[in-house]
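A.B. asks: Next up is a structure, given as structure tokens.
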Amino acid sequence: MAGSRLGWQPDGPNLVACCDNLPELLALPDGAFALAYLDPPFNTGRTQARQSITTTQTAEGGRRGFKGLRYSQQVGGVSSFDDAFDDYWSFLGPRLAQLWRVLAPNGTLYLHLDYREVHYAKVALDQLFGRQCFLNEIIWAYDYGAKSKTRWPAKHDNILVYVKDPANYVFNAQAVDREPYMAPGLVTAEQAARGKLPTDVWWHTIVSPTGKEKTGYATQKPEGVLRRIIQASSNPGDWVLDCFAGSGTTGAVAAQLGRRFVLIDQNPQAMAVMKDRLGAGSSAAPIRYYDCSS
Ligand SMILES: C[S@@+](CC[C@H](N)C(=O)[O-])C[C@H]1O[C@@H](n2cnc3c(N)ncnc32)[C@H](O)[C@@H]1O
């Protein structure tokens, strides 16, 4: 296998790169990755931005909280990236073609979008992989924020799952975190205690604005959603690729589960958040950072 511009090697360190992903994908070798998770910009037509706010308990704080404790808030930097494309499919299409190429023969692609582009994506991926390679459409349902009064409020994302070979792919049903039955009275006590395998509809909270998982990066996805994906569709030691990596959720979960990873994002703010979140890795699984602009 040829090396990549990033210097990817099958027995090399985990990689995090601040680069446009297309040239990097072109330079990665065929068949290297067991799993690719993609969470590209959704083409919302807006700039995605989030301001970081740190809350500290102090005697003089201006905000009053639980049990009368007082808090002060420090407003930090704004992380943002552009999410408006004149021709979204001329942007995403060539990247999807490369992702198909770098997937292992038994590899799996998860493409995370929402209602704006998912139907076009299904058609594009059917053409690229073949319709028989479509495995699932996962609905990630959540419930937060303002709700429209003029139509049904859109409170879910769509994750399309394609395998390169429908006769030979990884799906570790028994490794996935189980969830409580909705009607535990209808199953045996033993089944209720064990919980059920999640279906293709995943109710999962967004990243809590006050929880320890939060990095402050706009559009950060919950580790719980990535945990299911990585548990089900890869094995320990496998290589996982996320070329729209943002805050590095895929890398954080891959490391927890003993997988290796390549993360790419062109936004320097994403790189800064990933360095903070992932650090240098462990001695057994170090991380090499790479910046295309330097
Ligand atoms: C929806 S966010 C990903 C969020 C991520 N899943 C997380 O949990 O934090 C999409 C990311 O794609 C990045 N991006 C957009 N175009 C890119 C490109 N051509 N190459 C690399 N990254 C790109 C943006 O900078 C942004 O961080």
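For the sequence shown, my numbering gives the first residue as 51, with consecutive numbering after it. Beta carbons are placed, not taken as given, at the ideal position from N, Cα and C, and that holds for glycine.
For Leu88, is the classification buried or exposed, using 16 other Cβ atoms within 10 angstroms of its Cβ as the cut-off for buried?
C.D. replies: Along the sequence shown, read from residue 1 onward, the residue named residue 88 stands at position 38. When all chains shown are included, Leu88 counts as buried.
A.B. asks: Identify whether Met305 lies in helix, strand or coil by the three-state DSSP scheme.
C.D. replies: Translated into the one-based positions of the sequence shown, residue 305 becomes position 255. Per the sequence shown, residue 305 should be read as Ala rather than Met. If DSSP states are grouped into helix, strand and coil, Ala305 belongs with the helices.
A.B. asks: Opposite Asn208 in the DSSP bridges: which residues?
C.D. replies: To locate residue 208, count along the sequence shown from 1; it is residue 158. In the DSSP output, where bridge partners are listed per residue, Asn208 has Leu163 and Ile189.
A.B. asks: Given 8 Å as the limit, is there contact between the stretch 284-294 and the stretch 231-239, that is, 3 or more CB pairs closer than that?
C.D. replies: no
A.B. asks: Which value, in whole angstroms, describes the spacing of the CA atoms of Leu72 and Pro272?
C.D. replies: For the purposes of this step, residue 72 is identified with residue 22 of the sequence shown, where counting begins at 1. For the purposes of this step, residue 272 is identified with residue 222 of the sequence shown, where counting begins at 1. Roughly 25 Å separates the two Cα atoms.
A.B. asks: What is the DSSP secondary structure of Ala295, counted as helix, strand or coil?
C.D. replies: As a first step, residue 295 is located in the sequence shown; it is residue number 245 there, counting from the start. Coil, per DSSP.
A.B. asks: Could you check the C-alpha separation between Lys199 and Val257 for me, to the nearest Å?
C.D. replies: Against the sequence shown, residue 199 aligns to sequence position 149. Against the sequence shown, residue 257 aligns to sequence position 207. Their backbone Cα atoms lie some 25 Å apart in a straight line.
A.B. asks: Can you tell me which of Leu56, Val66 and Arg55 puts its alpha carbon nearest to the alpha carbon of Asn317?
C.D. replies: Taking the sequence shown and counting its residues from 1, one reaches residue 317 at position 267. Nearest option by C-alpha distance: Val66.
A.B. asks: For the beta strand (DSSP E) that contains Ala67, what are its first and last residues?
C.D. replies: What you label residue 67 is simply residue 17 of the sequence shown in a count that begins at 1. Note, Ala67: beta strand (DSSP E), Asn64 to Cys68.
A.B. asks: Please work out which residues of its chain come closer than 6 Å, Cβ to Cβ, to Leu85, disregarding the five sequence neighbours upstream and downstream, and give them in chain order.
C.D. replies: Along the sequence shown, one-based indexing puts residue 85 at 35. Thr158, Ser283, Ser284 and Val290.
A.B. asks: Do Thr167 and Tyr212 have their C-beta atoms within less than 8 Å of each other?
C.D. replies: Against the sequence shown, residue 167 aligns to sequence position 117. Against the sequence shown, residue 212 aligns to sequence position 162. According to the sequence shown, residue 167 is Glu rather than Thr. Contact: no.
A.B. asks: Ignore the nearest five residues each way along the sequence and tell me which others in Ala52's own chain have a CB closer than 7 Å to its CB.
C.D. replies: In the sequence shown, the residue the question calls residue 52 occupies position 2. Model confidence at Ala52 stands at a pLDDT of 42, short of 50, so the residue's coordinates are unreliable; what they give is reported in the following sentence. Excluding positions up to five away in sequence, the list reads Pro79.
A.B. asks: Ligand 1 and Gly296: does the residue's C-beta get closer than 7 Å to at least one heavy atom of that ligand?
C.D. replies: Looking up residue 296 in the sequence shown gives position 246. Answer for Gly296: yes, Cβ within range of ligand 1.
A.B. asks: Going by other Cβ atoms of all chains shown within 10 Å of its Cβ, with 16 needed for buried, is Tyr165 buried or exposed?
C.D. replies: The residue you call residue 165 lines up with position 115 of the sequence shown. Flag for Tyr165 reads exposed.
A.B. asks: Helix, strand or coil: how does DSSP classify Val213 here?
C.D. replies: Start at 1 with the first residue of the sequence shown, and residue 213 comes out as number 163. In this structure, Val213 counts as strand in the three-state DSSP scheme.
A.B. asks: With a CB to CB cut of under 7 Å and the five nearest residues on each side skipped, what residues in its chain are close to Ala215?
C.D. replies: In the sequence shown, counting from the first residue as 1, residue 215 sits at position 165. Sequence check: residue 215 is Asp here, not Ala. Once the five neighbours on either side are set aside, the close Cβ partners of Asp215 are Pro155 and Asn156.
A.B. asks: Hey, out of Pro336, Ser344 and Ser343, whose CA is closest to Pro63's CA?
C.D. replies: Within the sequence shown, the letter at position 13 stands for residue 63. Comparing Cα-Cα distances from Pro63 to each of Pro336, Ser344 and Ser343, the minimum goes to Pro336.
A.B. asks: Would you check if the distance between the CB atom of Trp202 and the CB atom of Val275 is smaller than 8 Å?
C.D. replies: The sequence position of residue 202 within the sequence shown is 152, counting from 1. The sequence position of residue 275 within the sequence shown is 225, counting from 1. The answer is no: Cβ separation not under 8 Å.
A.B. asks: Look at the alpha carbon of Trp58 and the alpha carbon of Leu149, and state the distance between them as a whole number of angstroms.
C.D. replies: The sequence position of residue 58 within the sequence shown is 8, counting from 1. The sequence position of residue 149 within the sequence shown is 99, counting from 1. The straight-line gap from Cα to Cα measures roughly 15 Å.
A.B. asks: Quick check: what's the CA-CA separation for Pro90 versus Leu146?
C.D. replies: In the sequence shown, the residue the question calls residue 90 occupies position 40. In the sequence shown, the residue the question calls residue 146 occupies position 96. So the two alpha carbons sit approximately 11 Å from each other.
A.B. asks: May I ask whether a heavy atom of ligand 1 can be found less than 7 Å away from the beta carbon of Ala320?
C.D. replies: Walking along the sequence shown from the start, residue 320 turns up at place 270. True, at least one ligand heavy atom lies under 7 Å from that Cβ.
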